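See structure below.
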Amino acid sequence: MSGSQIKVIDSFHLKSIVNQRIEVLVPLSHSDKNGEKIRLVANITQKYDPAIHDTDELKDKVILPPNPKIICYIQGGPGFPCPVPLGYSGKDKVLLEKGYQILYMDQRGTGLSTPIDSNFFKHRFSKHPEETDSEYLDRKVKFILNFRADSIVEDLEILREILIGKETKWSLLGQSFGGFCAFTYLSFHPEALQEVLVTGGVPPIGFHPDDVYEATYKRTKERNVHYYDKYPQDVEKVKQISDYLSREHVILPSGGTLSVERFQQLGLNFGATGGTNAIHQIVMKFHYELLTIGYPTLDTLNTVQNSLSFDTNVFYALFQEAIYCSEPGIVSNWSADRLRYKEGNENFNYQIISQSTDPLYFTGEMVYKSNFSDYSELRSFHDLADALHANGNWGKLYDLDKLNKISFSQVPVVAASYFYDQYVDFGLTMAVKDRAFKGNGNLRQYITSDYFHNGVRENPEVVLNRLFDLLDCEVD
1 MSGSQIKVID
11 SFHLKSIVNQ
21 RIEVLVPLSH
31 SDKNGEKIRL
41 VANITQKYDP
51 AIHDTDELKD
61 KVILPPNPKI
71 ICYIQGGPGF
81 PCPVPLGYSG
91 KDKVLLEKGY
101 QILYMDQRGT
111 GLSTPIDSNF
121 FKHRFSKHPE
131 ETDSEYLDRK
141 VKFILNFRAD
151 SIVEDLEILR
161 EILIGKETKW
171 SLLGQSFGGF
181 CAFTYLSFHP
191 EALQEVLVTG
201 GVPPIGFHPD
211 DVYEATYKRT
221 KERNVHYYDK
231 YPQDVEKVKQ
241 ISDYLSREHV
251 ILPSGGTLSV
261 ERFQQLGLNF
271 GATGGTNAIH
281 QIVMKFHYEL
291 LTIGYPTLDT
301 LNTVQNSLSF
311 DTNVFYALFQ
321 EAIYCSEPGI
331 VSNWSADRLR
341 YKEGNENFNY
351 QIISQSTDPL
361 YFTGEMVYKS
371 NFSDYSELRS
381 FHDLADALHA
391 NGNWGKLYDL
401 DKLNKISFSQ
411 VPVVAASYFY
421 DQYVDFGLTM
431 AVKDRAFKGN
441 GNLRQYITSD
451 YFHNGVRENP
461 EVVLNRLFDL
471 LDCEVD
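Numbering (full-length UniProt numbering), first residue to last: 1 to 476.
Structure representation (structure tokens):
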């Protein structure tokens, strides 16, 4: 490990675990190794071992066991950092008890890794006096394209080589979008990988964004039907709340606008355990306040605002469709926004449903043009969002020829696939399994209807241990 390339910025010991936060400089563009650098921050979590960790050197250098066994957890999103473990529990406990050291990297543009928000472009990437608006936008697009999965993978490769050397392999655990990144890693650096575990994150390789959102709308319809079957009293309540929002200009604590479309986006929470119950509580309280005092309280508005992460995680909005543009020539053209008006999706359209007795459906993991006016932090990104949705000049994220040749004995790939996953469609997952591995026995699956997209968080002992059983060929 080359200590001169890495800096420990924080370290602490909590009962059974040790955390070390590290910083390294990486190229903004991996095609220009000598060009501009950005800061990358990651956390290494280990089971506390007094024989090696009871030392003041923890604050100065990374201390790993003699034969490290690192698993890199790749966060879902896009656009979310990794939380630092503060206890010996959950998936951390499962992984540490398997003998792993866990690397949690804040993906570039998130957390502590050169975070991108509205202030970034105001203060650190401002318009040059001689630039036209078009030239400035082109420069922003070129800059932001350095924050995709291919760059995230190259960042991880730099960390691997610094921490354990070029010849030593490590493992991956990719959740959701993190699974997409894992397949990009498999496509370009399979020699670096010992094994790959994916939870709710087999990417729709070879499918257009429209294919993805057709499936997503179908899954989201199913969740709405379930919600209104469970809470039939909410059909009228949701419509009355929406009528109120269409009449009034409701401002959220952040300065954003609570439009009907933004309220409908609460349905994103349908994809996680307990999501329907959480939304019912919001609907009940909001509606009761309209009946009794005539307006939603600050507490209710704050709850709605904090139920979605687009303001604080701008890449989640900017790259929501870009992650499905996996090769040159694909243009998303606001896929979710367009398909909302496709025949069969009328229940997602307030203007249509407000004139009928049918229920108004909540939407799911979709981004709409209105997001970039409704969310205060996204307003300054409107032109960039339009440019990304019109862009067709994407780098390739997957190499099917290479994936076809990766056998289970070379790099075993196992995945937890959730039958009722609202975000990563099960049908597309099964199609990709055949497309990527051509029936060669790789991508072994734990298929379940017991959990939703957040299964690894809901029950990590079951989900992860089933994946380890698949790796160990302990499943008949």
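Just so you know, even glycine gets a beta-carbon here, dropped at the ideal spot from N, CA and C. Computed from a predicted structure; not experimentally measured.
Given residue i, which residues of its chain have a CB within under 6 Å of its CB, disregarding the five upstream and five downstream residues?
i           : result
Val413      : Val196, Asn442, Leu443
Ser246      : Val260
Leu58       : Ser11
Thr297      : Glu289
residue 477 : Because residue 477 is not part of the residues shown, which for the chain are 1 to 476, the question remains open.
Glu365      : Leu268, Tyr423
Gly255      : Ser376
Thr429      : Val202, Ser417
Tyr451      : Tyr418, Glu458
Lys127      : Tyr136
Between which two residues does the alpha helix (DSSP H) carrying residue i extend?
i      : result
Phe413 : The displayed chain sequence assigns Val, not Phe, to residue 413. Note, Val413: premise wrong, no alpha helix (DSSP H); beta strand (DSSP E) at 413 to 418.
Val141 : 133 to 144
Leu403 : 400 to 404
Asn269 : Here Asn269 belongs to no alpha helix (DSSP H), and DSSP marks it neither H nor E.
Asn391 : Neither: Asn391 is in no alpha helix (DSSP H) and is coded neither H nor E.
Asn277 : 275 to 292
Ile241 : 234 to 247
Ile116 : Per DSSP, Ile116 belongs to no alpha helix (DSSP H) and is neither H nor E.
Tyr228 : 209 to 230
Leaving out five residues on either side along the sequence, give the residues of the same chain with a beta carbon under 8 Å from the beta carbon of residue i.
i      : result
Pro328 : Gly392, Asn393, Trp394, Gly395, Lys396
Arg108 : Val26, Ile38, Leu40, Thr114, Asn146, Phe147, Ser151, Ile152, Asp155
Gly3   : Confidence in Gly3 is poor, its pLDDT being 44 and thus under 50, which makes the residue's placement too unreliable to answer from.
Leu186 : Leu193, Val196, Lys402, Leu403, Ile406, Val411, Val413
Lys33  : Pro27
Arg124 : none
For the beta strand (DSSP E) that contains residue i, what are its first and last residues?
i           : result
residue 501 : Any property of residue 501 remains undetermined from this structure, which presents the chain solely from 1 to 476.
Tyr104      : 101 to 105
Glu195      : 193 to 199
Tyr446      : 444 to 448
What does a CB cutoff of less than 7 Å around residue i pick up in its chain, not counting 5 residues either side in sequence?
i      : result
Ala387 : Leu137, Val141
Thr184 : Ala149, Asp150, Val153, Leu397, Tyr398
Asn371 : Phe310, Ala317, Leu378
Cys181 : Ile74, Ala149, Ile152, Val153, Gly174
Lys169 : Ala192, Leu193, Gln194
Pro253 : Leu298, Leu301, Asn302, Gln305
Glu461 : Val94
Tyr48  : His13, Ser16, Ile17, Val18
Ile251 : Thr257
What's the call for residue i, buried or exposed, on a 16-neighbour Cβ count within 10 Å?
i           : result
Ala390      : exposed
residue 480 : Since the first residue shown for the chain is 1 and the last is 476, residue 480 is missing from the structure and cannot be characterised.
Pro50       : exposed
Arg223      : buried
Pro203      : buried
Phe286      : buried
Pro85       : buried
Tyr341      : exposed
Ile6        : buried
Cys325      : buried
Thr292      : exposed
Lys438      : exposed
Asn119      : exposed
Ser332      : buried
Gly76       : buried
Assuming residue i contacts residue j under a Cβ cut-off of 8 Å, what Cβ separation, rounded to an integer in Å, is found between them?
i      : j      : result
Phe362 : Pro78  : At roughly 22 Å, the Cβ-Cβ gap does not stay under 8 Å, so Phe362 and Pro78 are not in contact.
Ile70  : Tyr100 : 7 Å
Val41  : Leu112 : 4 Å
Pro190 : Ile9   : Actually they are not in contact, since the Cβ atoms of Pro190 and Ile9 sit about 32 Å apart, beyond 8 Å.
Val456 : Ala416 : 7 Å
Tyr227 : Ile279 : 7 Å
Lys230 : Thr276 : 6 Å
Lys98  : Phe468 : 7 Å
Glu449 : Phe408 : Position check: residue 449 holds Ser in this sequence, whereas Glu was assumed. Contact flag wrong, Cβ pair sits at about 25 Å.
Cys72  : Asn43  : Going by Cβ atoms, the distance from Cys72 to Asn43 rounds to 11 Å, so no, they are not a contact pair.
Between residue i and the ligand PLP, is there a pair consisting of the residue's CB and a ligand heavy atom that are separated by less than 7 Å?
i      : result
Leu403 : You won't find the ligand PLP in this model; it holds no ligand whatsoever.
Original post:
Considering only residues of the region 10 to 78, which uninterrupted beta strand (DSSP E) runs meet the minimum length of 3 residues and lie entirely inside it, listed in chain order?
Top reply: Under the rule that a run must span 3 or more residues, the beta strand (DSSP E) segments found entirely inside the region 10 to 78 read 17 to 27, 37 to 47, 70 to 74.
Original post:
In chain order, which continuous runs of the alpha helix (DSSP H) of length 4 or greater are located wholly inside the region 305 to 389?
Top reply: Qualifying alpha helix (DSSP H) stretches, in chain order: 314 to 318, 335 to 339, 350 to 353, 371 to 374.
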